[in-house]
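As structure tokens, the structure follows; a few thoughts come after it.
Numbering (the UniProt record's numbering), first residue to last: 1 to 849.
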């Protein structure tokens, strides 16, 4: 019988596939940018001409390919404070004016008065001293309208007609409604022609932004008989076509000046928001003519984006991509970016062979540098488009179910009981929590209290593991040396600090790495002080409780943190928000100490052999039952909270309950302790990197939007799949590279405890069961223990070495190649001083674009 032939499958096929996908996405983005963005480099035209609703409530309008910012009063005052805004037109324009005024100042009315004064002028002054005027002129032919649009009438303009920053003109429907007295279409056309010629012929712009509103579409089935007899959709279409051809220029040469220059947002004298008619829906009108407040408010928000987006400082978050250009990097930022790019290229080129071949020892630097460059292109250039988020309960539920199915389908059982909170289990724990947090961010679920509250517990669970893991290490090993501090802080913060400088963001904006770093130092100081007495349980418990009380007192007196941040700003040029950081640390001010006490309890239970006590099975059954009750109670409790703000008041005091309950239930039986999900564990090993990189490569605009590799809102599902594959792959590679670079920066350390297959830092291990009671102290990891020499006589392609996986990458040469450099002969404290000095210099010379 002939043996069945099989086609061998390259084990690295998925690496090649993902890298090919990345290259294709980069090429497609570049071609789209070159071919299409030259005509609309700042996406002003798409803001005014195309888009779609993302929700059924008509509150989230999505322009095609850019992010619309939702303006609030404090935002509008940035560009409208002490300026004048004028609306001239009919009842449709009036409705738009009142919604605009209400956004600028919520104390102003959002509807015209119902006392018979509808057909009259209105004048408001906002709290920011913005002067808001509406001129009732449905035919745009009164003295006021002529004075605003015709420079030859400037002699008639008195003090109240100062030059506006925004001039909005709207007319047309009254010409149709009262055609007998107004002159109808011919009169409207002559009036529009005169107004447009006067505006375009003016020596100076009559306003910073002049907007001609399209003639609003009607819903004939809902019109009154009187209106239906005179207003016809065909006439409105003809009027809008006339407006378009008169306003739109015949060429777009000046679009490049908008990209390179510093002129006004619009390169045309007049803007025509034809998209206003696309925003209308038959269900949003009662009379067929005037539409709902939600729709009109969204239209007013488009006007604010058109006028004000360019007025914002060009700093993060870059969440306004309509009518706003990306900034060129500042001098110091350019140096950082150039250094990173050159560093990557230099180590990729071999002068001996005059070829681009990456040696194994330089692969971590190449991966890290190339990833940072791609992240910069993704979120600080127009290479790929960005759009807004939108929560959809069905989509969110589907993502959660698919993730759960993938996790359960890859559950594997070990040959033996792996022990309490073993490494596989904690990797799995971090993984499924990270997936839940990622879905929460992508779907913009923070507004949903029932989802926000459990996510807060997941963040607390990360901190619980931090307290547990570090306490286990220090109590079992007693190694309080500085080298370990240096290694952990570098591992936690290398990616975060690099992104803070390359993306010109704030270190605290990537809040998780700073939060875990701060808590590591708190744990270290708590256990280091009086460490010679740590064997004394009452003393150790008292010390932990005293530290908890001191930290709570520090948190409850904001002036202490404000004073500290003020010193950092004056001495180190670090600009951090004390208010924001107080919120972050106050929410979870006790959970780390719960983790520390849990570690102490585990050690004492083990050392005193309490598991052998006859009452232990009864105690465990009672604990399991109580834990199940706690989980059910918490789910009900958090769902019954009236808002997430109300829940936040409870969170610091109750978050430990569901976390401890989960730990007990997850470790209830040997079977549960020996089983873990490969998919969840895979994500868990790079959870730190996924949390940080999501800000720019999966999400966009510093987490405020989502990234579109394929243009078009209709392709969101496909974009999600492609961007997720690339995002997870890059995160996993960066996790390995960061671990290797950490070893290079920090140097070798003495082997004080066994290494694990993934963690670049020390971990606690039981001698009887090497994989029990292990909690990784750094999220993400590398394989420093399985280094096999390369046997091939010829250098492999870099993509093949990349595909081999972390376990087979040879990194010893990476350290050896730098061992002779004077900097790396310094000890950990010396290196800390050098890096701190370099960051101080960067901060001192840092300028925003």
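Each residue gets a CB set at the ideal place from its N, CA and C atoms; glycine is no exception.
From a predicted model like this one, the values you see are computed outputs, not experimental measurements.
- The alpha helix (DSSP H) runs lying completely inside the stretch 183-238 and spanning 4 residues or more are 184-201, 225-230, given in chain order.
- Residue 76 carries a helical assignment under DSSP once its states are collapsed to helix, strand and coil.
- Closest option to residue 18, judged by alpha-carbon separation, among 426, 732, 95, 436: 732.
- For residue 659, the enclosing alpha helix (DSSP H) covers residues 656-666.
- With a 10 Å radius around the Cβ and a threshold of 16 neighbouring Cβ atoms, residue 331 comes out exposed.
- Distance from the Cα of residue 560 is smallest, within the candidate group 582, 602, 90, for 582.
- Contact between the stretch 380-392 and the stretch 404-421 is absent, with fewer than three C-beta pairs closer than 8 Å.
- By the neighbour-count definition (other C-beta atoms within 10 Å, threshold 16), residue 56 is an exposed residue.
- The stretch 60-78 makes no contact with the stretch 113-125; the number of CB pairs closer than 8 Å stays below 3.
- Exclusion of the five residues before and after residue 164 leaves 84, 85, 86, 207 as the residues of its chain whose Cβ lies within less than 7 Å of its Cβ.
- The alpha-carbon separation between residue 402 and residue 432 amounts to approximately 12 Å.
- In terms of CA proximity to residue 341, 371 leads the group 314, 371, 315.
- By the Cβ neighbour-count rule, residue 360 is buried, with 16 or more other Cβ atoms within 10 Å of its own.
- As a beta-bridge residue in DSSP terms, residue 61 pairs with 53.
- Cβ-Cβ distances below 6 Å link residue 500 to 507 in the same chain, with the five nearest sequence neighbours on each side left out; the list follows chain order.
- Beta-bridge annotation (DSSP): residue 842 is not paired with any residue.
- Here the stretch 438-456 makes no contact with the stretch 490-500; the two share fewer than three CB pairs at distances below 8 Å.
- With 16 or more neighbouring CB atoms inside 10 Å of its own CB, residue 369 falls in the buried class.
- Minimum Cα-Cα distance from residue 289 among the listed residues 231, 194, 461, 268 corresponds to 231.
- CA-to-CA, the gap between residue 112 and residue 131 works out to about 17 Å.
- Contact annotation: residue 93 and residue 182 have beta-carbon atoms that are not nearer than 9 Å.
- About 6 Å separates the Cβ atoms of residue 306 and residue 271, confirming a contact at the 8 Å cut-off.
- The closest CA to that of residue 556, considering only 590, 566, 540, is found on 590.
- In the structure shown, residue 163 adopts coil according to DSSP, grouped into three states.
- Nearest neighbour of residue 515 by Cα position, chosen from 460, 631, 468, turns out to be 460.
- With a cutoff of 9 Å on beta-carbon distance, residue 71 and residue 308 are scored as near each other.
- Per DSSP, the beta bridge partners of residue 125 are 131.
- Under the 10 Å beta carbon count, residue 430 is surrounded by 16 or more other beta carbons and is classified as buried.
- In the DSSP annotation of this structure, the continuous segment of the alpha helix (DSSP H) that includes residue 674 starts and ends at 670-674.
- Residue 704 is classed as buried because its beta carbon has at least 16 other beta carbons within 10 Å across all chains shown.
- Per DSSP, the beta bridge partners of residue 700 are 705.
- The continuous stretches of beta strand (DSSP E) do not include residue 604, which lies in the alpha helix (DSSP H) extending over residues 591-607.
- Taking residue 25 as the centre and dropping the five residues before and after it, the same chain places the C-beta of 709 closer than 6 Å to its C-beta, in chain order.
- Per DSSP, the unbroken alpha helix (DSSP H) holding residue 477 starts and ends at 449-477.
- Rounded to the nearest whole angstrom, the CA to CA distance from residue 138 to residue 325 is 36 Å.
- Annotated as distal: residue 502 and residue 694, with beta-carbon spacing of 9 Å or more.
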